[in-house]
Structures are given as structure tokens and as C-alpha cells.
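Input: a single structure, listed below in C-alpha cells.
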Ligand code: GDP
Ligand code: MN
Ligand code: MN
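Residue numbers (the numbering used here): 91 to 345.
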């Protein structure tokens, strides 16, 4: 088995209203059935016009309170609160669940690879945008493809960041191993491989985090296509099942 990952070259700086599907289509010599197109959330957000300036935000008393704890600008803290359903930690950084259910630092608000003085939010309905881009590329090519929208996140327990999936279209995001046998015939009871995140991480080897200018990568060689409706929300663990989230909330409530 072999896997091919290929940068989509020549994508310009994305502005509000840009047609990302058309740009990917124009700059990809060949798109095949079952190709997975990995797209950085940064460019999806830019095309949706989700940039803003800190000065535009009016901080609430709650934002002022948290800012006094973590030393951030209260306007920035307010922007994070505006994008969050739930706050798990306030200091030294804000770990939150964003409106789409994704747990990350600062609700994914990002200042890198955006124009000077601007901040960028994550798309509120990433699956919807993954589907719109995917369907548009399918119409142009006549091929059946999958899309993963990604963002770079830190992890608990380890230094370093990696790309993760934040939006999905037409992809089986989890490869179930439960019920399969291991090398010695033992039945696997827990293993579910988070393939969408693995692909996101692999694609980021080509994207990088800096000025490389590669916001899209074509992944070929995997058999993960589905035409069923899929949602990234299915990958987010319920709070009742999530031991770490429960511990964080317990700590917060004890304060
Ligand atoms: P994030 O992980 O979604 O926050 O995105 P990053 O800021 O890490 O960017 C991922 C890749 O996309 C890097 O190679 C960036 O240089 C590239 N990138 C970001 N914005 C643009 C853009 O507007 N145009 C192009 N061509 N590349 C971009
Ligand atoms: Mn980001
Ligand atoms: Mn990144």
C-alpha cells in the first residue's frame, strides 16, 4: 500500500468571497474518485470574511474578570467568549468548547497568516463549508471526493501542535477495529482509529504553519469515501463520557 500527498500550488492570498473550490480545481492537474482534499480552516475563514479587529470588540465584565487572571486583552477574551459554548480553563490560557463543539485554545481565534492587526475566527458550520466546497469540486470534475477542513491545535500531555479535523464531507472519519483480531487472535475491544485526524496531521507535513502558502493538500490512496452525511460533531465525546472534561469542570467549580 502507498499513500500520496500532494500540495495544491499557486493558491493566492484568500480574500472574502473567493471561490476556494474553483481555485483548488484550477490548480490540481487531476482529481480522482476517493481523493481526499484537506483544506486549512484559515483559508475557509478568510473566504467567508471572518476576520475582525480586536478594537471592534466591546468587553463585558466577565471578559474583564478573566483578562485580569490571564493577562490577555479583555477585548480578545470577549472575542473568545463570543465563540464559546463553555469555558474549561481561564488561566494561563482559555481552553473552551467552541460553538461547533470543538475543544481548543482561544476558540481557534488565530492571528497567524492573516493581515496585520487582524484576527480570524473558525467557521461556525465547518461541515457545511466542507460540503459546499466538496460538492462544487464534484460538479466540476464528475468525481466522488471527500473533504477535511483542518486547524492546528495543541494537545494535552505533549509539547508541539498538530493539525486536526474540524469539518468533514463524505469521509468515514473513524476506522472501527472493534471485533477485529490482533496479530495473536485476541479480539480488539476499544480501538477506533481517528483517521480524519491522522490525515489532517499528515497533510500538515506539507502545509506547515508559516508562509509556505499551501492551504490545500490532495490525499490519494485511502478508501474512506462515503456518500452518507457525516459530521465532525460525531467525533466529539459526550461530556458524560469525557473524564478529562469532567475533571476540568470539577476543578473550575471548586474555585
Ligand atoms: P490553520 O492551521 O488553519 O490555522 O492554518 P495555518 O495558518 O497554519 O496555514 C496553513 C497553510 O496555509 C500554510 O502553508 C499557510 O502559509 C497557508 N495559508 C494560509 N492562508 C493562506 C492564503 O490566504 N493563501 C495561501 N496560498 N496560503 C495560505
Ligand atoms: Mn488556526
Ligand atoms: Mn496550521
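We put the CB at the ideal spot given by N, CA and C, even for glycine. Since the model is a prediction, treat every value here as computed from it, not as a measurement.
Any beta carbon from chain C within less than 7 Å of residue i's own beta carbon?
| i | result |
| --- | --- |
| residue 312 | Considering every chain present, this structure includes no chain C. It has just one protein chain. |
So if DSSP puts residue i in a beta bridge, which residue, or which two residues, is it bridged to?
| i | result |
| --- | --- |
| residue 95 | 309 |
| residue 262 | Per DSSP, none; premise fails for residue 262. |
| residue 255 | 240 |
| residue 187 | 176, 193 |
| residue 199 | None; residue 199 has no bridge partner. |
| residue 233 | Looking at the DSSP assignment, residue 233 forms no beta bridge with any residue, so it has no partner. |
| residue 342 | Its beta-bridge partners do not exist; DSSP assigns none. |
| residue 166 | Bridge partners of residue 166: none, in fact. |
| residue 130 | 240 |
| residue 277 | 271 |
| residue 142 | 209 |
In angstroms, rounded to a whole number, what distance separates the CA positions of residue i and residue j?
| i | j | result |
| --- | --- | --- |
| residue 315 | residue 241 | 21 Å |
| residue 307 | residue 181 | 35 Å |
| residue 272 | residue 279 | 10 Å |
| residue 277 | residue 262 | 22 Å |
| residue 201 | residue 343 | 31 Å |
| residue 218 | residue 274 | 43 Å |
| residue 97 | residue 124 | 17 Å |
| residue 317 | residue 105 | 30 Å |
| residue 148 | residue 208 | 16 Å |
| residue 169 | residue 189 | 12 Å |
| residue 301 | residue 204 | 11 Å |
| residue 162 | residue 321 | 33 Å |
| residue 151 | residue 332 | 30 Å |
| residue 92 | residue 311 | 6 Å |
Check whether the Cβ atoms of residue i and residue j lie closer than 7 Å to each other.
| i | j | result |
| --- | --- | --- |
| residue 289 | residue 304 | no |
| residue 137 | residue 108 | yes |
| residue 224 | residue 212 | no |
| residue 210 | residue 140 | yes |
| residue 239 | residue 110 | no |
| residue 178 | residue 195 | no |
| residue 259 | residue 293 | no |
| residue 236 | residue 156 | no |
| residue 187 | residue 175 | yes |
| residue 287 | residue 255 | yes |
| residue 94 | residue 113 | no |
| residue 298 | residue 253 | no |
| residue 244 | residue 251 | yes |
Inset, instruction - For the segment 251-269 and the segment 283-302, state whether three or more C-beta atom pairs, one from each stretch, are separated by less than 8 Å. - result: Of all C-beta pairs linking the segment 251-269 to the segment 283-302, three or more are shorter than 8 Å, placing the two stretches in contact.
Legend entry - Sufficient close CB pairs (3 or more, under 8 Å) joining the segment 108-124 to the segment 224-233: Taking a cut-off of 8 Å for Cβ pairs, the segment 108-124 and the segment 224-233 touch, as three or more such pairs fall below it.
Legend entry - Shell residues, 5 Å Cβ cut-off relative to heavy atoms of ligand 2: In chain order, the hits are 200, 241.
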